[in-house]
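Count along the first sequence starting at 1, add 91, and that's the number in our numbering. The next block holds one structure in the form of structure tokens; read it before the comments.
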Amino acid sequence: MQLPPELDFLAPFLVEASEAYRYASWLLNDFDAEVWEYSFGYKKPKNLDWRVQLGDGSLLTDAKNRNLLLGFKYYLTSCTRDDSGYLQETNEVQGQQLQRFCHACHILDYLLINGKRYRLAKYGLEGLTAGNLIEILETLADTPLIAESVYNWRERLRNYCLELVEATSPIALAELIQAMPQIAEISDEQRVENNLGIACELIPKVRAALYLKGFYHKQVGGNQPNTTQLSQEIYLETLWGKNQPKVMYDILIYNDDSSQFDREFPGAPVTSGAREKMRDSAYVTYRRAVYQLGVLHELELPAPREEALIKAEKFQPDLSTIGRFRTLPSEIVFTGLRQAIEFHLDHGQELTRAFCRIALECRKRKVSPSALTASEVQQLVGPKLAALGVSKLCLAMNSVNNGAYQSNIKGTKESYFESLRANNGLYELLGVYVGCVQLTVGILMARRVSELYELNAKDCLDETEGWLLFRNAKSTRHLFGMRRREARPIEPIAADMIKTLIRMQKVLRRIGYIPKLQKLFSVPNFKGAAKLTDSSAYVYNRNLDLYCDYFETPLTAKGERHYFRQHQMRRFFAMLFFYCGSFAKLDTLQWMLGHTDPKHVYRYITESTDGAVLASAKAQAVAEQLHQGNYENFMELTQLLKERYGTEKFTLISTHDLEDQIVELMQEGWVEIEPEFFSDHEGNKFKIVARLKRAPEAA
DNA sequence: GTCGCGGAAGCGGTTTGAAC
DNA sequence: GTTCAAACCGCTTCCGCGAC
92 MQLPPELDFL APFLVEASEA YRYASWLLND FDAEVWEYSF GYKKPKNLDW
142 RVQLGDGSLL TDAKNRNLLL GFKYYLTSCT RDDSGYLQET NEVQGQQLQR
192 FCHACHILDY LLINGKRYRL AKYGLEGLTA GNLIEILETL ADTPLIAESV
242 YNWRERLRNY CLELVEATSP IALAELIQAM PQIAEISDEQ RVENNLGIAC
292 ELIPKVRAAL YLKGFYHKQV GGNQPNTTQL SQEIYLETLW GKNQPKVMYD
342 ILIYNDDSSQ FDREFPGAPV TSGAREKMRD SAYVTYRRAV YQLGVLHELE
392 LPAPREEALI KAEKFQPDLS TIGRFRTLPS EIVFTGLRQA IEFHLDHGQE
442 LTRAFCRIAL ECRKRKVSPS ALTASEVQQL VGPKLAALGV SKLCLAMNSV
492 NNGAYQSNIK GTKESYFESL RANNGLYELL GVYVGCVQLT VGILMARRVS
542 ELYELNAKDC LDETEGWLLF RNAKSTRHLF GMRRREARPI EPIAADMIKT
592 LIRMQKVLRR IGYIPKLQKL FSVPNFKGAA KLTDSSAYVY NRNLDLYCDY
642 FETPLTAKGE RHYFRQHQMR RFFAMLFFYC GSFAKLDTLQ WMLGHTDPKH
692 VYRYITESTD GAVLASAKAQ AVAEQLHQGN YENFMELTQL LKERYGTEKF
742 TLISTHDLED QIVELMQEGW VEIEPEFFSD HEGNKFKIVA RLKRAPEAA
């Protein structure tokens with residue numbers, strides 16, 4: 092049909108589905124090609140090889156399997172579209188498309204892996220019954236890990252390992268273990284956590300056999316087999332899974348002495364414990380992916396029958412309920428904030444200036460910082476920092492005068508963190524300092540992490556230096572991925588810290604060390620290159636880790652350290668406010684909010700914090716007070732809690748549980764928690780009170 | 001019409017494995 | 001060491017539906 096030009100926009104809607112579905116924004120080459128090239132914004136396109144062997148020995152690309160192949164291909168191209176648009180793909184955000192694409196690939200792989208049982212080669216997709224589809228969904232829902240549900244990774248890996256040991260010459264294995272004794276070492280943790288299903292006695296041989304096949308590579312956690320390479324050997328019958336990494340089984344990891352590390356202790360879990368089943372939100376997307384097989388009807392290709400699809404859609408498997416982010420004890424955060432501010436006041440200027448002097452010296456001599464000797468560094472940082480303990484540029488790097496290259500630069504964990512806290516490395520201190528700024532800004536601004544690490548030194552503060560400008564991270568649907576620009580008032584102390592970082596970058600730019608201003612939270616390159624590493628999620632979190640290890644944030648009972656993450660900080664500005672109303676002993680906070688009318692601060696908090704975060708902050712504040720035995724302002728609330736939960740010994744209940752119960756009471760409309768403002772001879776003050784909204788008799 | 005609810009979908013955060 | 005890609009998870013928003 093020929094359309095007048097002004098109606099061109101209608102054209103996509105008038106194209107036959109079988110034609111329209113031959114294209115997808117991620118598909119780079121011809122739909123009919125045997126090997127697809129695709130890219131979701133990758134640096135290098137990836138391949139999808141359709142020449143997969145089926146259960147009967149034929150290839151998927153053989154003429155006899157034409158309909159099955161077409162079904163698979165159309166299924167994939169259709170999975171990134173939605174029901175309404177034909178050509179217009181659902182959203183601009185590639186991450187979403189990628190997720191759908193991956194899920195569809197998992198479904199295809201499941202069909203391929205179980206193809207023999209489903210007689211795929213003979214009956215094609217048409218042969219899939221409601222029972223088959225439900226079985227797929229049930230298997231998926233059974234574990235949160237696709238590697239296990241779709242790929243049965245544990246069992247196939249174990250079998251592969253055992254067969255490999257059988258096939259390898261025992262002499263070669265023995266010789267290798269002799270030559271590399273560390274490969275046979277199994278730590279206590281590994282022994283306890285050995286869930287691969289291979290006896291510990293056999294593990295050295297398994298590792299040796301994998302090593303001889305060249306599977307091992309060095310990773311952050313130690314030497315471990317490359318799971319992608321393993322998948323290429325194990326999953327020949329799949330389309331997608333043979334090129335994807337899988338989860339690592341710890342028992343296969345071995346360590347040389349010089350293992351790398353970046354944290355002193357294991358991190359305390361950020362969310363509640365491990366799940367056993369798939370999360371419902373993930374399940375919904377997989378169910379959608381299965382239901383999507385129905386589009387093949389539209390294309391008049393063999394597909395599972397409609398009743399089967401509907402039955403599968405209705406199926407309700409057993410799923411795990413949602414977990415939640417754990418709340419940090421407020422004490423830890425408030426102490427952290429105080430330390431951060433003190434560190435800024437004590438060393439902020441000195442550290443940034445010292446680095447500028449280093450940069451200037453490097454510009455003069457046209458070398459990179461790694462070329463400076465330890466004594467030169469000590470000269471350049473100045474007497475104050477030298478007295479503090481700064482003796483080299485970076486603990487993770489050798490100064491040139493150290494002589495030969497060592498693989499083990501950071502030394503042992505103990506010595507590294509000892510030197511870190513003895514202020515030996517300038518760069519580490521700068522990392523800690525930037526961590527301090529991140530923490531302070533993060534707590535006071537209560538923003539998302541991406542909003543913070545994307546801040547630019549150039550334009551993050553407005554001219555009055557009283558407002559912080561950033562791009563809203565959570566874009567709403569149908570906004571084409573646009574992010575609004577927003578401004579928020581910022582505390583003077585945080586503004587001061589930010590200005591210190593900006594000043595440093597401006598000096599660096601003036602002397603030509605960097606060509607233009609970079610991201611606000613950028614840090615010197617830890618390898619000693621003459622540049623500033625832009626902040627990213629990785630750098631941002633590493634700085635926080637450095638901060639936590641430097642100040643030794645408290646350990647949990649299990650010996651895990653609370654490594655701060657921005658997500659957990661978002662409620663603490665509100666918390667800070669509530670605490671100022673109750674304890675006077677937190678002097679830093681008093682000082683920060685000291686000269687402001689609390690009413691104004693509270694209005695700002697209610698405007699800038701969303702309801703759920705605010706509610707949980709209130710609940711945590713009150714819960715911690717009750718836990719400490721301060722019932723005074725909460726008589727009615729304690730009465731209500733007592734009636735509902737049958738105890739008044741709140742000091743014995745964990746604050747976590749108390750908080751949950753209080754949130755529940757607020758949600759159900761029984762109580763509200765609000766600050767009450769009043770004036771006395773010392774000025775404006777307030778306290779937190781819980782008010783009953785309904786009479787308890789109504790309960 | 002609109003209010004409220006619950007399921008579905010969208011989206012950001014975090015972690016991990018691998019590549020560069 | 002740094003960056004990239006993928007998987008998984010929790011939170012937020014959307015949207016359809018029933019009640020009124």
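Just so you know, even glycine gets a beta-carbon here, dropped at the ideal spot from N, CA and C. Keep in mind the model is a prediction, meaning the values are calculated, not measured.
Contact check, residue i vs residue j, beta carbons under 7 Å
i, j, result
"L330", "D147", "no"
"T531", "M588", "yes"
"D553", "L560", "yes"
"I534", "L428", "yes"
"A462", "K483", "no"
"L705", "A665", "yes"
"V381", "A399", "no"
"S240", "L248", "no"
"L623", "I602", "no"
"C485", "F617", "yes"
"C527", "F612", "no"
"L599", "A450", "yes"
"T318", "P336", "yes"
"R420", "E651", "Residue 420 is actually Pro in this sequence, not Arg. Contact: no."
Three-state secondary structure (DSSP) of residue i
i, result
"R579", "strand"
"S421", "helix"
"T624", "strand"
"F406", "coil"
"Y214", "helix"
"N547", "strand"
"R249", "helix"
"K155", "helix"
"K304", "coil"
"W761", "coil"
"Q144", "strand"
"L463", "coil"
"L552", "strand"
"R379", "helix"
"R298", "helix"
"R191", "helix"
"D751", "helix"
"R370", "strand"
"I277", "coil"
"S830", "Since the first residue of the chain shown is 92 and the last is 790, residue 830 is not available in this structure."
"E447", "In the sequence on display, residue 447 carries Cys and not Glu. C447 falls in the helix class under three-state DSSP."
"T181", "With a pLDDT of 41 at T181, under the threshold of 50, the predicted position of this residue should be treated as unreliable, though the coordinate-derived value follows. Correct three-state label for T181: coil."
"W244", "helix"
Beta-carbon proximity list for residue i, same chain, < 7 Å, skipping 5 on both sides
i, result
"G176", "Reliability fails at G176, whose pLDDT of 41 lies under 50, so the model's placement of it is uncertain and the value that follows must be treated cautiously. Closer than 7 Å at Cβ, skipping near neighbours: no residue."
"R298", "I274, L343, Y345"
"Q752", "L732, Y736"
"L236", "V338"
Contacts around residue i, its chain only, beta-carbon distance under 6 Å, and the 5 residues preceding and following it disregarded
i, result
"A394", "L216, L384, L387, H388"
"E727", "L783"
"A781", "F725, L728, V762, I764"
"G162", "L216, L387, L392"
Residues that residue i bridges to, as DSSP identifies them
i, result
"I779", "P766"
"K483", "G516"
"H718", "Per DSSP, none; premise fails for H718."
"E128", "N138"
"L118", "Y129"
"N314", "K309, Y345"
"L150", "Q144"
"G358", "R652"
"R208", "Per DSSP, none; premise fails for R208."
Spatial neighbours of residue i in its chain, beta-carbon cut-off 8 Å, leaving aside the 5 residues before and after
i, result
"R282", "C291"
"V491", "Here V491 scores only 45 on pLDDT, less than 50, and its place in the model is too uncertain to base an answer on."
"R142", "E125, V126, L150, L151, T152"
"R210", "G146, G218"
Unbroken alpha helix (DSSP H) runs of length 4 or more, entirely within the region 581-667: which are they? 583-601, 628-642, 657-660
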